[in-house]
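Here's the structure, in structure tokens; my notes come after.
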Amino acid sequence: MRSLEAALDAEFDLAPLWRQADADAFLAAQGAGFVGLVTSVWGPVDAALLARLPNLRVIANFGVGYDALDVAAIRARGIVFSNTPDVLTDCTADLAWAALLDVARGVSAAERFVRRGDWAAGRRFPLQTRVSGKRLGIVGLGRIGRAIARRGEGFGMRIAYHGRRPQADVPYAYHATPQALAADSDFLVIAAAGGAQTRHLVSREVIAALPPQAFLVNVARGSVVDEAALVAALVERRIAGAALDVYAHEPQVPEALLALDNVVLLPHIGSATRETRQAMADLTIANLRAYFRDGRLLTPVTD
Ligand code: 8YV
């Protein structure tokens, strides 16, 4: 992000790794000089990278999800790290809803229909699916999941969720398994954190449990869903459709999905508004500033 890079450059002795023709050779020669690292979902931090940075003390992750970081290796080195919670919650929930409404009502497909000249040629756009009043299932009722649920209340939806444990302060029904939630959902929205613990949480069996009229929406991480099973269910028309902002191997989108009109495909843009990206940049820098000033991060990841 340009403004993040410029702001970092103004305050720190910055070396953007992505500008290095040979990042590995650069790190081999100069890695010992760095004490801080800024990264995001696009820049995995593994043991090999850490080995190149023997004096690293702090990592600031530009994003709330930190599944691209090898937390065990980072902790083993005593390195602290921060993420950017809260500031992207509303925009990510908004995007989940944009995607949900799009796939249910066929907004993008209808727009393609108009641009193709089908409407002008006298064709009728097929009837789509009502959203208001339906059953909304949310996998992962964290900050973003809750914001998605609150918006669902405005659509008069009956809301249920699955997560590691029931939450006492919400009026929504809890399902102990993602299968049970899937079977009870017209829209299943995935908002769980990525990482080893949630890999394929939405498994082949969970996808098979979805009713035929159900839509799946994923704004979390591609890894949370068994993508091959989802693609098969969509191609075989076992579910009504899907809206995806994240994929197993970004930026690769499964080829089979490109031909389906009942699938909305987005390029990982949950937090991608000017306002939210600015807030994420500000929080990323504020974390580094606080760390270098008084040794404490503002939004450290501690779990
Ligand atoms: C990315 C995200 O960080 O916050 C997250 O977990 O996935 C996004 O906000 C963003 O795209 C920056 O790369």
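In our numbering, the protein residues as written are 85 to 387. Where a beta carbon is used, it is the ideal one built from N, C-alpha and C, also for glycine.
Asked: Residues whose Cβ lies closer than 5 Å to any heavy atom of ligand 1, in chain order; Found: SER124, VAL125, GLY147, VAL148, GLY149, SER355
Asked: Terminal residues of the alpha helix (DSSP H) in which ARG199 lies; Found: 191-199
Asked: Sub-9 Å separation of ALA260 and HIS246 beta-carbons; Found: yes
Asked: Euclidean distance between Cα positions of THR433 and SER166; Found: Lying before the first or after the last residue shown, residue 433 is absent from the chain, which here runs from 85 to 387.
Asked: Proximity test, Cβ basis, 9 Å: THR360 and chain B; Found: The structure shown contains no chain B; it is built from a single protein chain.
Asked: Residue environment, LEU198, which counts as buried when at least 16 other CB atoms sit within 10 Å; Found: The question names Leu, but residue 198 is Val in the sequence shown. Its Cβ having fewer than 16 others within 10 Å, VAL198 is exposed.
Asked: Rounded C-alpha distance that separates VAL273 from GLY221; Found: 6 Å
Asked: Outcome for GLU311 when other beta-carbon atoms lying within 10 angstroms are tallied against a minimum of 16; Found: buried
Asked: Beta-carbon proximity list for PRO338, same chain, < 7 Å, skipping 5 on both sides; Found: GLU311, VAL315
Asked: Residue range of the unbroken alpha helix (DSSP H) whose run includes GLY238; Found: 227-238
Asked: Per-residue DSSP class, three states only, for GLY120; Found: strand
Asked: Where TRP181 falls, given that 16 or more other Cβ within 10 Å makes a residue buried; Found: buried
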